[in-house]
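Trainee: One structure coming up, written as structure tokens, with questions to follow.
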Ligand code: TRP
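Okay, here's the thing in structure tokens:
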């Protein structure tokens, strides 16, 4: 067991898809064996952009928990909780908000990207240019008032709090979160400088793990907003249909035509699910196998894992008492850990004696 502490969270955006699973969740499941881990459903972070649509928030948080448990996160091995169940997070967020310069937040590239992405979704019919035009150009001139809110600008402060409050040294995240982690480290340094201390917070580092890149059915990044996902909890008939509809090399017209596996979605999935994917690559290039047979074999390889997941999902989803008990235990453990750091921070800031 390492002495490093790990914190990571995901915003509850509904059911997880295979991109989330191979890109993050599977890694969480491995990490719980080696580190002291805190994994949480970031429902407050979801509010920073979806504050107008909260009717599904609690349901989505529960669905995410069910996905996590079904994938193998084990409350005996790690602390699993909902962010808003730990009020200490919101209190430390207030305190660290006092010392975070606005410039850091306005300059945060994720802030700008996300504003553009959200605008693109909202004004989908009115975007300028085409798919190849950079997003920032496509949304130019469209209203931006809806996410010009304090909470969204403060997203990185809240994220820093999530991490710092448990003194995490390692944070498993995607490369897109690098700027957020830098802000977290900057906040620690500024806190230390202002309050002449160095033993309240730990400077967290990102933990990038080699993960499989899962394309969506159409070959673009798998993402809910592109409608190209296979969900973890999806019924198998539907998955089979999606596999059969996956994008392949358009130059391969007959089963015996040689093809280029690079850029073929079926091949990208074989790389994940087929231990003999290299052989498959050769066969594809040689025109030794048609796409239909290749897709059928892929589905057969995916089926056992997906079925195992679905079976577990059914059990967890219907056992509300167990879900409540897990969340209660997680909340207690997370609050206990958070309370220690919060008190130290308040002492350093002389909010308490
Ligand atoms: N910002 C992260 C994301 O969008 C989610 C998140 C919130 C997070 N708080 C965190 C991740 C703390 C790691 C640690 O993916």
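Residue numbers (our numbering): 30 to 382. Yeah, the Cβ is synthetic: ideal placement off N, Cα and C, and Gly gets one too.
For the pair the stretch 94–113 and the stretch 64–80, tell me if three or more CB-CB distances fall below 8 Å.
Mentor: Judged by Cβ distances under 8 Å, the stretch 94–113 makes contact with the stretch 64–80, as three or more pairs qualify.
Trainee: On the DSSP letters alone, give me the boundaries of the beta strand (DSSP E) that residue 236 sits inside.
Mentor: 234–236 is the extent of the beta strand (DSSP E) around residue 236.
Trainee: So, does the stretch 242–250 touch the stretch 258–276, judging by three or more C-beta pairs under 8 Å?
Mentor: Touching, yes.
Trainee: Kindly examine ligand 1 and report whether one of its heavy atoms sits closer than 7 Å to the Cβ of residue 212.
Mentor: Residue 212: no, Cβ never under 7 Å from ligand 1.
Trainee: What residue range is occupied by the uninterrupted beta strand (DSSP E) comprising residue 108?
Mentor: 108–111 is the span of the beta strand (DSSP E), which, as asked, contains residue 108.
Trainee: Do three or more CB pairs link the stretch 82–91 to the stretch 123–143 at distances below 8 Å?
Mentor: No: the two stretches stay apart, fewer than three of their Cβ pairs being nearer than 8 Å.
Trainee: Does the stretch 232–242 come within contact of the stretch 210–224, defined as at least 3 CB pairs closer than 8 Å?
Mentor: At 8 Å Cβ cutoff, the stretches touch.
Trainee: Return the chain-ordered ranges of every alpha helix (DSSP H) run that is complete within the stretch 95–157 and spans a minimum of 4 residues.
Mentor: DSSP runs (the alpha helix (DSSP H)) wholly in the stretch 95–157: 116–126, 131–136 and 138–151.
Trainee: Could you tell me which residues DSSP puts in a beta bridge with residue 293?
Mentor: Residue 293 is not bridged to any residue.
Trainee: How many whole angstroms separate the CB atoms of residue 203 and residue 52, which I take to be in contact at a CB cut-off of 8 Å?
Mentor: Confirmed, about 7 Å.
Trainee: Please report the straight-line C-alpha distance between residue 62 and residue 40, rounded to a whole angstrom.
Mentor: Looking at the two C-alpha atoms, the distance is approximately 23 Å.
Trainee: When you compare the CB positions of residue 124 and residue 148, do they come within less than 8 Å of one another, or not?
Mentor: Cβ distance not < 8 Å, so residue 124 and residue 148 don't count as in contact.
Trainee: Can you tell me the Cα-Cα spacing of residue 169 and residue 271, whole angstroms?
Mentor: Computed Cα separation, rounded: 35 Å.
Trainee: Among 265, 79, 366 and 76, which has the Cα closest to the Cα of residue 36?
Mentor: Comparing Cα positions, the closest option is 366.
Trainee: Per DSSP, residue 250 is paired with what?
Mentor: In the DSSP output, where bridge partners are listed per residue, residue 250 has 244.
Trainee: Is residue 88 near ligand 1, going by C-beta to nearest heavy atom under 7 Å?
Mentor: The answer is no for residue 88.
Trainee: Give the straight-line distance between the Cα atoms of residue 327 and residue 98, rounded to the nearest whole angstrom.
Mentor: About 25 Å.
Trainee: So, with DSSP's three-state summary, where would you put residue 183?
Mentor: Three-state result, residue 183: coil.
Trainee: Name the one or two DSSP bridge partners that residue 66 has.
Mentor: Bridge partners of residue 66: 35.
Trainee: So, with DSSP's three-state summary, where would you put residue 199?
Mentor: Residue state, collapsed to three classes: strand.
Trainee: Tell me residue 260's beta-bridge partners as DSSP assigns them.
Mentor: In DSSP, residue 260 forms a bridge with 46.
Trainee: Return the CA-CA distance between residue 121 and residue 372, expressed in angstroms with no decimal places.
Mentor: The straight-line gap from Cα to Cα measures roughly 9 Å.
Trainee: For residue 90, name the three-state secondary structure that DSSP assigns.
Mentor: Residue 90 falls in the helix class under three-state DSSP.
Trainee: Quick check on the burial criterion: 16 or more other C-beta atoms within 10 angstroms. Buried or exposed for residue 287?
Mentor: The residue in question, residue 287, is exposed, as its Cβ has fewer than 16 Cβ neighbours within 10 Å.
Trainee: Using 7 Å as the cut-off, classify the Cβ of residue 40 as near or not near the heavy atoms of ligand 1, replying yes or no.
Mentor: It does: the Cβ of residue 40 is within 7 Å (strictly closer) of some heavy atom of ligand 1.
Trainee: Use the C-beta contact count for residue 351: other C-beta atoms within 10 angstroms, 16 or more gives buried, fewer gives exposed.
Mentor: Answer is exposed; the Cβ neighbour count stays below 16.
Trainee: Helix or strand or just coil, what does DSSP make of residue 333?
Mentor: If DSSP states are grouped into helix, strand and coil, residue 333 belongs with the helices.
Trainee: Would you identify the three-state DSSP class for residue 277, choosing helix, strand or coil?
Mentor: Residue state, collapsed to three classes: coil.
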